[in-house]
Amino acid sequence: MWPNSSFNSFLLTGFPGLEAAHHWISIPFFLIYISVIFGNGILLFLIKEDHNLHEPMYYFLAMLAATDLAVTLTTMPTVLGVLWLDHREVGNVACFSQSYFIHSLSFVESGVLLAMAYDRFIAICNPLRYTSILTDTQVVKIGFGVMMRGFVSVVPPILPLYFFPYCHSHVLSHAFCLHQDVIKLACADTTFNRLYPIVLVVLIFVLDSVIILISYVLILKSVLRITSREEKAKTLNTCVSHICCVLVFYITVIGLSLIHRFGKQVPHIVHLIMSYVYFLFPPLMNPVIYSAKTKQIQSGILYLFTTHRVGA
2 MWPNSSFNSF
12 LLTGFPGLEA
22 AHHWISIPFF
32 LIYISVIFGN
42 GILLFLIKED
52 HNLHEPMYYF
62 LAMLAATDLA
72 VTLTTMPTVL
82 GVLWLDHREV
92 GNVACFSQSY
102 FIHSLSFVES
112 GVLLAMAYDR
122 FIAICNPLRY
132 TSILTDTQVV
142 KIGFGVMMRG
152 FVSVVPPILP
162 LYFFPYCHSH
172 VLSHAFCLHQ
182 DVIKLACADT
192 TFNRLYPIVL
202 VVLIFVLDSV
212 IILISYVLIL
222 KSVLRITSRE
232 EKAKTLNTCV
242 SHICCVLVFY
252 ITVIGLSLIH
262 RFGKQVPHIV
272 HLIMSYVYFL
282 FPPLMNPVIY
292 SAKTKQIQSG
302 ILYLFTTHRV
312 GA
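Heads up: the sequence shown begins at 2 in our numbering, then just goes up one per residue.
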């Protein structure tokens with residue numbers, strides 16, 4: 002469209018054809034934004050303040066809540082800026098940085114879910130050694146490893162974005178910057194940027210999900226050896242919240258991947274909705290799942306609000 006030219010900024014896109022309704026569309030987005038901040042913020046506060054929750058399982062849950070918060074805080078400001086103020090222009094550096102954090106945090110979330118599966122595996126299959134294996138130091142090491150894997154692995158495809166010339170257009174198809182969206186506009190050899198993410202998705206999303214599945218097969222085998230029906234139910238109940246979070250995350254990942262790979266004839270609005278579901282549904286649902294299924298979290302929330310009510 003603009004041959005042999007480059008741009009210092011990109012234009013974000015809201016919902017094409019529905020610009021007149023952007024203010025109305027922003028209402029559910031804003032409510033979800035506030036709910037995500039509130040829900041995950043409450044989880045982090047409870048885990049920090051309640052000494053009964055100072056256990057590996059809840060430390061990993063805190064990592065999940067922090068990651069969900071970061072994902073939402075990274076994406077929603079530009080989304081609401083487009084919907085509320087029609088502020089579509091975003092500088093190159095801000096765009097590439099947003100893309101970096103969006104993709105790296107997705108990989109971090111996958112790693113945290115894997116760490117939580119490891120926690121449940123040790124707790125159920127090797128309970129006598131649980132405290133000696135998952136010490137505070139070990140939890141910190143796992144958390145650091147998960148973060149490093151997510152943040153370092155995304156650097157190779159993001160770094161070239163700062164040096165590519167862009168001459169096809171400067172209009173992106175979402176209200177936030179995605180790597181796959183940006184490289185479509187580059188006038189350079191993007192072979193590495195097209196192939197590397199596929200390898201990365203296989204090595205992280207696919208491998209993590211397979212390991213989580215194997216861990217639950219082993220957990221189920223261990224549970225089936227328990228003679229008491231009540232003990233079986235009690236043991237499995239400790240895994241329900243994590244299983245629900247895993248399903249929420251990976252089903253949205255699979256749904257978005259299928260839409261991108263095989264949905265060429267699907268209306269663009271469906272692609273947009275699936276993208277928002279992928280970025281907003283897990284952060285919204287994870288606190289709800291753990292609040293509904295974990296008695297310690299329920300007790301903490303009840304204590305928090307009743308204490309404040311009495312204090313007021």
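We put the beta carbon where it would ideally sit given N, CA and C, even for glycine.
Note that the structure is a prediction, hence the values are computed from the model and not measured.
Legend entry - Where Pro284 falls, given that 16 or more other Cβ within 10 Å makes a residue buried: Burial is judged here by how many other beta carbons sit within 10 angstroms of a residue's own beta carbon; Pro284 has at least 16 and is buried.
Legend entry - Same chain, Cβ closer than 7 angstroms to Pro57, five either side skipped, listed in chain order: If we look at Pro57 and ignore the five residues flanking it on each side, its Cβ neighbours are Asp120, Leu135, Val140.
Legend entry - Straight-line Cα distance separating Tyr59 from Tyr304: Distance from the CA of Tyr304 to the CA of Tyr59, rounded to the nearest whole angstrom, comes to 17 angstroms.
Legend entry - Residue environment, Thr132, which counts as buried when at least 16 other CB atoms sit within 10 Å: The C-beta of Thr132 has fewer than 16 other C-beta atoms within 10 Å across all chains shown, which makes the residue exposed.
Inset, instruction - Count the other CB atoms, across all protein chains shown, that sit within 10 Å of the CB of Tyr163; report buried if there are 16 or more and exposed otherwise. - result: By the 10 Å Cβ count, Tyr163 comes out exposed.
Inset, instruction - Taking Asp190 as the reference, give the member of Lys142, Trp25, Phe206, Tyr167 with the closest Cα. - result: With distances taken between Cα atoms, Asp190 lies closest to Tyr167.
Inset, instruction - Rank Ser111, Ser10, Ser300 by C-alpha distance to the C-alpha of Val203 and give the top, closest one. - result: Of the candidates Ser111, Ser10, Ser300, the one whose C-alpha sits nearest the C-alpha of Val203 is Ser111.
Legend entry - Closest Cα partner of Gln99 within the set Val80, Trp85, Leu208: Across the set Val80, Trp85, Leu208, the C-alpha of Val80 shows the shortest separation from the C-alpha of Gln99.
Legend entry - Contiguous beta strand (DSSP E) assignments of at least 3 residues, all confined to the region 55-86: Entirely contained in the region 55-86, not one beta strand (DSSP E) run reaches 3 residues.
Inset, instruction - Could you tell me which of Tyr101, Leu115, Gln181 sits nearest to Ser210, measuring between CA atoms? - result: Measuring C-alpha to C-alpha distances from Ser210 to each of Tyr101, Leu115, Gln181 identifies Leu115 as the nearest.
Inset, instruction - Taking 8 angstroms as the cut-off, decide whether the C-beta atoms of Val224 and Leu237 are in contact. - result: In this structure, Leu237 lies closer than 8 angstroms to Val224 by Cβ.
Legend entry - Close Cβ partners of Phe165 (< 6 angstroms) along its chain, the five nearest in sequence each way excluded: Cβ neighbours of Phe165 beyond the five flanking positions: Ala187, Ala189.
Legend entry - CB contact flag (Gly40, Pro288, <8 angstroms): Yes.
Inset, instruction - Specify, as a first and last residue, the run of the beta strand (DSSP E) that Val91 falls within. - result: It spans 90-92 - the beta strand (DSSP E) in which Val91 sits, taken as one unbroken run.
Legend entry - Distance, Leu12 Cα to Ser174 Cα: Cα to Cα, Ser174 sits roughly 9 angstroms from Leu12.
Inset, instruction - May I have the straight-line CA-CA distance separating Val172 from Gly146, to the nearest angstrom? - result: In this structure, the CA atom of Val172 is about 36 angstroms from the CA atom of Gly146.
Inset, instruction - Could you spell out the range, first to last residue, of the beta strand (DSSP E) harbouring Ser10? - result: Here the beta strand (DSSP E) through Ser10 covers 10-12.
Legend entry - Nearest residue (CA-CA) to Val68, options Arg262, Phe250, Ile184, Gln299: It should be noted that the sequence gives Thr, not Val, for residue 68. The shortest Cα separation from Thr68 among Arg262, Phe250, Ile184, Gln299 belongs to Phe250.
Legend entry - Helix, strand or coil at Val172 according to DSSP, with G and I counted as helix: DSSP, reduced to helix, strand and coil, places Val172 within a strand of the structure shown.
Inset, instruction - Just mark Thr76 as buried or exposed, buried being the case when its beta carbon has 16 or more other beta carbons within 10 Å. - result: For Thr76, the number of other beta carbons within 10 angstroms of its own is at least 16, and it is reported as buried.
Legend entry - CB contact flag (Gly301, Asp51, <8 angstroms): Yes; because the gap between Cβ atoms is below 8 angstroms, this pair is in contact.
Legend entry - CA-to-CA distance, Gly42 to Leu70, given in whole angstroms: Leu70 and Gly42 have their C-alpha atoms some 8 angstroms from each other.
Inset, instruction - Check whether the Cβ atoms of Gly144 and Phe108 lie closer than 8 angstroms to each other. - result: Cβ distance not < 8 angstroms, so Gly144 and Phe108 don't count as in contact.
Legend entry - Inter-residue spacing [alpha-carbon to alpha-carbon] between Leu179 and Pro158: About 11 angstroms.
Legend entry - Short Cβ contact (8 angstroms threshold) for Tyr101 with Val153: The answer is no: Cβ separation not under 8 angstroms.
Legend entry - Cβ neighbours of Val267 in the same chain (closer than 8 angstroms, five flanking residues each side left out): The answer, listed in chain order, is Ile260.
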